[in-house]
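Q: Those letters in the sequence shown? Residues 748 to 1026, per our numbering, in order.
All residues carry an ideal CB built from backbone N, CA and C; glycine is no exception.
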Amino acid sequence: MEIADTTLFYSAFFLTLLAGLSTGIGATLAFFSHTNNHKFLSVGMGFSAGVMIYVSFGEILIKAQNNFSTIYGEIQGEALTLLAFFGGFALSALIDYLVPDDVNPHELKSDTELKELQQYDNRFQKQALKRTGIFTALAIGIHNFPEGFATFVSALDGLMLGIPIALAIAIHNIPEGMAVSLPIYHATGDKKKAFYYALFSGIAEPVGALLGFFLLLPLMGDITLGVTFGIVAGIMIYISFDELLPAARLYGNAHTTIIGIALGMGVISFSLLLFKVIL
748 MEIADTTLFY SAFFLTLLAG LSTGIGATLA FFSHTNNHKF LSVGMGFSAG
798 VMIYVSFGEI LIKAQNNFST IYGEIQGEAL TLLAFFGGFA LSALIDYLVP
848 DDVNPHELKS DTELKELQQY DNRFQKQALK RTGIFTALAI GIHNFPEGFA
898 TFVSALDGLM LGIPIALAIA IHNIPEGMAV SLPIYHATGD KKKAFYYALF
948 SGIAEPVGAL LGFFLLLPLM GDITLGVTFG IVAGIMIYIS FDELLPAARL
998 YGNAHTTIIG IALGMGVISF SLLLFKVIL
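Laid out in structure tokens, this is it:
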């Protein structure tokens, strides 16, 4: 792709940068929560899980299947999408397996053990929360890489297309930043660290834009995008059910968890709908 207008190039990159850095807005929301406010944490983590689940099943997997189906047809495209999706599951499970038991919150199974954790082992709790935040940052960073590339290329084709796409991505990056910052803030009590981790996950978007444009654009096609989106969806679903939802239930109750899930799905669904109306 040749760049006919340098101004358009910088404008496209600026839009992608703003969309990525909007994770910092979500991180800032964590600062309104006191570290002992476990109900807020429960709703927040349920909210984050709701966003990830909705986006994965309602957007990312569909993109993966569309990319595969373009080349291989509907049936084979769906099969390849499933392989990529469960490949993301397997990757997350492998990482989880390699984590030492003393920092792995999933070794606790019974309600009694969870209560004992909540009452007597605050250090373990904080390690588990920090690990959740880091895993979430990794998954979101991977997700934001192709997302940033897509935003950038769309904006290069014209700002009338790039602006609404960047706006929609920025809106759903806000709860993603919250997903990263909340567990890290509650684990460490460090606002700066929570903010930086969330910001780091968002920086993957402008990095993905530049690397994708200069290195991957000649090779980027439906197959590469299909594999990427499928794996990312698997990672995000794994984190939601294996990390975020158990933690939301631990720090609150069934009602705070489901309220968070409903709010997360509601916000992201209406933001995506707004994007379609604008576009």
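What would DSSP say about E863, mapped onto helix, strand or coil?
A: Its pLDDT being 45, under 50, E863 is placed unreliably in this model, and the coordinates cannot settle the point.
Q: Considering just the uninterrupted stretch of the alpha helix (DSSP H) at G805, what are its terminal residues?
A: Neither: G805 is in no alpha helix (DSSP H) and is coded neither H nor E.
Q: Classify S769 as helix, strand or coil using the three-state DSSP reduction.
A: Coil, per DSSP.
Q: Taking just the CA atoms, how far does A945 sit from K938?
A: C-alpha separation (whole angstroms): 11 Å.
Q: Which two residues bound the contiguous alpha helix (DSSP H) that contains L992?
A: Here the alpha helix (DSSP H) through L992 covers L992 to Y998.
Q: Are the Cβ atoms of A766 and N920 separated by less than 8 Å?
A: A contact, by the Cβ cut-off of 8 Å.
Q: Can you tell me whether T971 is buried or exposed? The criterion is at least 16 other CB atoms within 10 Å of its CB, across all chains shown.
A: Per the 10 Å Cβ criterion, exposed.
Q: Would you kindly work out how many angstroms separate the C-alpha atoms of S948 and Y819, rounded to a whole number?
A: Rounded to whole angstroms, S948 to Y819 spans 33 Å at the Cα level.
Q: Taking the Cβ atom as the reference point for each residue, do F892 and A951 lie within a distance shorter than 8 Å?
A: Closer than 8 Å, so yes.
Q: Does the Cβ-Cβ distance between F836 and Y985 come in under 8 Å?
A: Closer than 8 Å, so yes.
Q: Closest by CA to Y998, which one among V790, T753 and T775?
A: Comparing Cα-Cα distances from Y998 to each of V790, T753 and T775, the minimum goes to V790.
Q: Please classify P847: does DSSP put it in a helix, a strand, or coil?
A: Per-residue confidence for P847 stands at a pLDDT of 47, beneath the threshold of 50, marking its modelled position as unreliable; no derived number is given.
Q: For Y801, count neighbouring C-beta atoms within 10 Å of its own C-beta (all shown protein chains included) and say buried if the count is 16 or more, exposed if not.
A: Label assigned to Y801: buried.
Q: Hey, could you find the ends of the alpha helix (DSSP H) D969 is sitting in?
A: That run of the alpha helix (DSSP H) goes D969 to I986.
Q: Quick one: Cα of P930 to Cα of T879, how far?
A: Roughly 7 Å separates the two Cα atoms.
Q: For chain C, find out if any of its Cβ atoms is closer than 8 Å to the Cβ of A945; answer yes or no.
A: Although the question refers to chain C, the structure presented lacks it and comprises just one protein chain.
Q: Is it buried or exposed for G773, if we count other Cβ within 10 angstroms and need 16 for buried?
A: The residue is buried, with at least 16 neighbouring Cβ atoms inside 10 Å.
Q: Relative to the alpha-carbon of Y844, which residue among A995, D989 and A994 has its alpha-carbon at the smallest distance?
A: It is D989.
Q: Which whole-angstrom value describes the C-beta separation of G834 and G981, a residue pair presumed to lie in contact below a C-beta threshold of 8 Å?
A: Their Cβ separation, rounded to whole angstroms, is 6 Å, which keeps G834 and G981 in contact under 8 Å.
Q: Report the option in F899, M792 and L830 whose CA atom is closest to the CA atom of T975.
A: Residue L830 is the option with its Cα nearest to T975.
Q: For F942 and A884, I'd like the C-alpha separation in whole angstroms.
A: Distance between the alpha carbons of F942 and A884: 11 Å.
Q: Nearest-angstrom Cα distance between M792 and G959?
A: So the alpha carbons of these two residues sit roughly 31 Å apart.
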